Amino acid sequence: MLNLQKNTDNTRHAVFLDHRKLINEAYEFQLKSELFNFHVKKAHPHLENDDAKSRKRKRNAGKDPSSLSLEDLKVVNGYLELLPKPLNQAETPSIERHWEEAYNLPQLHGANESGSVQRFQGKDKSCRVYLIPNRSRFYNHNVDNMPALLHQLLPAYDLIVLDPPWRNRYIRRLKRAKQELGYSMLSNDQLSHIPISRLTHPRSLVAIWCTNSTLHQMALEKQLLPSWHLRLLHKLRWYKLSTDHELIGPPLADPTQKQPYEMLYLACRSDAPEDYGKDILKTELLLSVPSIVHSHKPPLLAWLREYLQLEENQADPNCLELFARFLHPHFTSIGLEVLKLMDERLYDVGQEN
1097 MLNLQKNTDN TRHAVFLDHR KLINEAYEFQ LKSELFNFHV KKAHPHLEND
1147 DAKSRKRKRN AGKDPSSLSL EDLKVVNGYL ELLPKPLNQA ETPSIERHWE
1197 EAYNLPQLHG ANESGSVQRF QGKDKSCRVY LIPNRSRFYN HNVDNMPALL
1247 HQLLPAYDLI VLDPPWRNRY IRRLKRAKQE LGYSMLSNDQ LSHIPISRLT
1297 HPRSLVAIWC TNSTLHQMAL EKQLLPSWHL RLLHKLRWYK LSTDHELIGP
1347 PLADPTQKQP YEMLYLACRS DAPEDYGKDI LKTELLLSVP SIVHSHKPPL
1397 LAWLREYLQL EENQADPNCL ELFARFLHPH FTSIGLEVLK LMDERLYDVG
1447 QEN
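So in the working numbering, spot 318 of the sequence shown is number 1414, and the numbers just go up one at a time.
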């Protein structure tokens, strides 16, 4: 993790989350570098047919270029100038996309408090091996049926992270092409019934990933946060970079177009002190090189830990992640794909970070 601060403004900064390094430091093994071989795809102008160009013109008809988009680009580029350029940018080989393989784990749970990584072998036909990090707990369980798990969870958590399966066109296309590639999406009404309020205390911090859909963002702010008894603290953008630390594309004025960022919302309990989390507002945006795995978000604990208000003599936070796709120390992880990215074949086990 790296804080980037411009000399002209001592009150605001950006945070660079080194996705792969953060995971490697938490584990006794490391993700294969091929998973972060993220290069910008250059679209050839002659590949776009006349019909596509016509549709694009109609979508953008009457829309002026957004000065906000230009200002956003200026702000991001200002931080990118402070970010060291990575070394050894040789093209890395591709990797087999094991995370796209169909797998079917039964409803199960497990924990590792052994002090070292443990291996768990699934009972499907492939007998694939999953790596379980130390100080992690998981439930391969449908978040939509959370009440059935409440008696096995802590009464409250210091940090809760959610990456909801928002309804989106990309996943619908995947499911049409190959059913097992697309996860089950939930409606906003279904999400509102997740019992978040029963898992928080007045000092809890809740982080929610959201798409760039204005409809989802409005639903999160107006419907979901109130239903979870939460108060919005801050919302910021996670900008995605290529492996050479360049923005993968410019912010676009048209919000319906694919953007080079996703949104992160930070919230606290409605009854938290009025000044709770005020220092979080100093973080203007997040930057990182994303994994090539769809929706594999960077870990947040290294950044948010300093803002957590733990009890006296509490050494480590108790954390919960819902709709999780991988495991992390100090976290209880819940979701139907909770072991998806713990497949041993995605890691170089026993190597130095």
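All C-beta atoms, glycine included, are put in the ideal place defined by N, C-alpha and C. Treat the numbers as computed from the prediction; the structure is a model and nothing was measured.
Compute the beta-carbon to beta-carbon distance between L1423 and V1389, rounded to the nearest angstrom, for a pair I have assumed lies under 8 Å.
Within the sequence shown, residue 1423 is the residue found at index 327, counting from 1. Within the sequence shown, residue 1389 is the residue found at index 293, counting from 1. At roughly 15 Å, the Cβ-Cβ gap does not stay under 8 Å, so L1423 and V1389 are not in contact.
Does the separation of the CB atoms of Q1217 and Y1443 fall below 8 Å?
For the purposes of this step, residue 1217 is taken as residue 121 along the sequence shown, with counting starting at 1. For the purposes of this step, residue 1443 is taken as residue 347 along the sequence shown, with counting starting at 1. No, the pair does not count as a contact, with Cβ atoms beyond the cut-off.
As a quick exercise: from G1373, C1364 and S1387, pick the residue whose alpha carbon is nearest that of L1113.
Taking the sequence shown and counting its residues from 1, the one referred to as residue 1113 is at position 17. Selected option, being the one with the closest Cα: S1387.
If distances are taken between C-alpha atoms only, which option among H1109, S1384, Q1313 and D1168 comes closest to K1117?
Indexing the sequence shown from 1 puts residue 1117 at position 21. If we check each option's Cα against that of K1117, S1384 comes out closest.
Identify every residue that forms a DSSP beta bridge with K1318.
Your numbering for residue 1318 matches position 222 in the sequence shown. Answer by DSSP bridge pairing: none, since K1318 is not bridged.
Measure from the alpha carbon of L1258 to the alpha carbon of each residue in F1427, A1420 and D1439, then state which is nearest.
For this step, residue 1258 is matched to residue 162 along the sequence shown. Out of F1427, A1420 and D1439, A1420 has the C-alpha closest to the C-alpha of L1258.
Using 8 Å as the Cβ pair cut-off and three pairs as the minimum, do the segment 1333-1340 and the segment 1358-1369 touch?
At 8 Å Cβ cutoff, the stretches touch.
Please determine if the segment 1359-1379 and the segment 1170-1177 are in contact, where contact requires at least 3 C-beta pairs separated by less than 8 Å.
Short answer: they don't touch.
Give me the residue from L1348, S1429, Q1405 and V1111 with the minimum Cα distance to L1301.
Position 205 of the sequence shown, counted from the first residue, corresponds to residue 1301. Comparing Cα-Cα distances from L1301 to each of L1348, S1429, Q1405 and V1111, the minimum goes to Q1405.
Rounded to whole angstroms, what's the CA-CA distance from R1299 to G1373? Just pull it up for me.
Counted from its first residue, the sequence shown places residue 1299 at position 203. Counted from its first residue, the sequence shown places residue 1373 at position 277. Going from the Cα of R1299 to the Cα of G1373 covers about 9 Å.
Would you kindly work out how many angstroms separate the C-alpha atoms of E1167 and K1102, rounded to a whole number?
Along the sequence shown, one-based indexing puts residue 1167 at 71. Along the sequence shown, one-based indexing puts residue 1102 at 6. So the alpha carbons of these two residues sit roughly 16 Å apart.
Could you give the DSSP three-state label for Y1175: helix, strand or coil?
Residue numbering aside, residue 1175 sits at position 79 when the sequence shown is read from its first letter. Helix, per DSSP.
Thinking H1194 and D1439 are a contact (beta carbons under 8 Å), I'd like their distance in whole angstroms, please.
As a first step, residue 1194 must be located in the sequence shown, where it is residue number 98. As a first step, residue 1439 must be located in the sequence shown, where it is residue number 343. Confirmed, about 5 Å.
Is it right to say E1177 is buried, meaning 16 or more other beta carbons lie within 10 angstroms of its own, or is it exposed?
Here residue 1177 refers to the residue found at position 81 when the sequence shown is read from its first residue. Its Cβ having fewer than 16 others within 10 Å, E1177 is exposed.
Return yes when the Cβ of S1232 is within less than 8 Å of the Cβ of L1395, no when it is not.
Translated into positions along the sequence shown, residue 1395 becomes position 299. Translated into positions along the sequence shown, residue 1232 becomes position 136. At residue 1395 the sequence reads Pro, which differs from the Leu that was named. No, the pair does not count as a contact, with Cβ atoms beyond the cut-off.
Could you tell me how far apart the beta carbons of A1252 and H1297 are, in whole angstroms, since I believe they sit closer than 8 Å?
Counting from 1 along the sequence shown, the entry for residue 1252 is found at position 156. Counting from 1 along the sequence shown, the entry for residue 1297 is found at position 201. Contact holds; Cβ gap of about 4 Å.
Would you kindly check if the distance between the Cβ of A1122 and the Cβ of L1381 is under 8 Å?
Residue mapping note: residue 1381 aligns to position 285 of the sequence shown, counting from 1. Residue mapping note: residue 1122 aligns to position 26 of the sequence shown, counting from 1. No.
With which residues is A1303 paired in a DSSP beta bridge?
Here residue 1303 refers to the residue found at position 207 of the sequence shown. Partner(s): V1257 and L1362.
Of all the options V1213, Y1199 and P1202, which has the alpha carbon lying nearest to the alpha carbon of N1120?
The residue given as residue 1120 occupies position 24 in the sequence shown. Looking at the Cα atoms, V1213 is the closest of the given residues.
Rounded to whole angstroms, what is the Cα-Cα separation between M1314 and L1282?
The residue given as residue 1314 occupies position 218 in the sequence shown. The residue given as residue 1282 occupies position 186 in the sequence shown. M1314 and L1282: Cα-Cα distance of roughly 16 Å.
Thinking C-beta only, is L1316 closer than 8 Å to I1304?
Position 208 of the sequence shown, counted from the start, is the residue given in the question as residue 1304. Position 220 of the sequence shown, counted from the start, is the residue given in the question as residue 1316. It is a contact, given that the beta carbons lie within the stated cut-off.
By how many angstroms is the C-alpha of E1342 removed from the C-alpha of K1181?
Translated into positions along the sequence shown, residue 1181 becomes position 85. Translated into positions along the sequence shown, residue 1342 becomes position 246. Distance between the alpha carbons of K1181 and E1342 is about 9 Å.
Within 10 angstroms of its Cβ, does E1370 collect 16 or more other Cβ (buried), or is it exposed?
Mapped onto the sequence shown, residue 1370 falls at position 274. Counting Cβ neighbours within 10 Å, E1370 comes out exposed, since fewer than 16 surround it.
For T1107, does the count of other Cβ atoms within 10 angstroms reach 16, so buried, or fall short, so exposed?
By one-based count along the sequence shown, residue 1107 stands at place 11. Classification for T1107: exposed.
I'd like to check one pair, N1236 with L1435: are the Cβ atoms closer than 8 Å?
In the sequence shown, the residue the question calls residue 1435 occupies position 339. In the sequence shown, the residue the question calls residue 1236 occupies position 140. For L1435 and N1236, yes; Cβs fall inside 8 Å.
Contact defined as beta carbons within less than 8 Å: I believe Y1199 pairs with R1215. What is the distance between those atoms, to the nearest angstrom?
Within the sequence shown, residue 1199 is the residue found at index 103, counting from 1. Within the sequence shown, residue 1215 is the residue found at index 119, counting from 1. Contact flag wrong, Cβ pair sits at about 16 Å.
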